[in-house]
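FYI, in mature numbering (1 follows the signal peptide of the UniProt record, and there is no 0) the residues of the sequence shown are -31 to -1, 1 to 116.
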Amino acid sequence: MNRQQRPTPALRLLSSLAAAALLTACASAPAPRPVCPTAQQMEQPELLGRWTVQMDGVPGPISMQLGPHPEWDGTVKGTITRPGFQSIVVGDVNKGALTMEESRDGKSVSGNWGGDVVEGSCAREIRGEFSDSEDRTHRFVMRKAAL
């Protein structure tokens, strides 16, 4: 009679690890981001990083540093620095439209940013309008800072 031997615990562990590795390798990886995204293709990854800002009627330099929002997937959270103060900003870009809220105290909204990604800029320029808490508006241009 030919009896089959039971696999040893080490062999069972090795088989389980091999199966897990195979499943991981077969899982779909996220699609790579375009090298030069169109305005419609711009998403959170392109917003991440340092931006310079020019705002009509507001002295500079103005800069933003944006990172992934710790609670909301696909959105950003960061800081905007103007001469004399720094604020928190949170927002996103959807189908070429930027929307951000600004807060000087971290509790209440002190301004709103709305803009459009400039077509042909490889998602590195956004133009729009900033409205402060007193409903004063300023045109702005955001440009992605060089690495």
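Even glycine gets a Cβ: it sits at the ideal position worked out from N, Cα and C.
Taking the Cβ atom as the reference point for each residue, do residue i and residue j lie within a distance shorter than 8 Å?
i   : j   : result
K64 : R93 : no
G60 : T48 : no
T44 : S32 : no
G84 : R73 : no
Q23 : V78 : no
Given that a residue counts as buried once 16 or more other Cβ atoms are within 10 Å of its Cβ, and exposed if not, what is residue i?
i    : result
A115 : exposed
W82  : buried
F99  : buried
G80  : buried
Among the residues of its own chain, which have a CB less than 6 Å from the CB of residue i, if the five just before and after it don't count?
i           : result
E88         : A8
P3          : Q10
residue 133 : Residue 133 lies beyond the stretch modelled for the chain, which goes from -31 to 116, so this question has no answer here.
Near residue i, which residues of its chain fall below 7 Å by C-beta distance, leaving aside the five closest residues on each side in sequence?
i     : result
E15   : P6, A92
A(-7) : The pLDDT assigned to A(-7) is 49, lower than 50, so where the model puts this residue is not dependable; a value taken from the coordinates is nonetheless given after this. Closer than 7 Å at Cβ, skipping near neighbours: no residue.
Under 8 Å Cβ to Cβ from residue i, same chain only, skipping five residues before and after it: list those, please.
i   : result
V27 : R51, H107
D25 : H107, R108, F109
Just to check my reading of the structure: residue i and residue j have Cβ atoms closer than 8 Å, yes? What is that Cβ distance to the nearest angstrom?
i   : j   : result
V86 : V58 : About 17 Å separates the two Cβ atoms, so there is no contact after all.
Q. Between the segment 84 to 92 and the segment 3 to 22, are three or more C-beta pairs nearer than 8 Å?
A. yes
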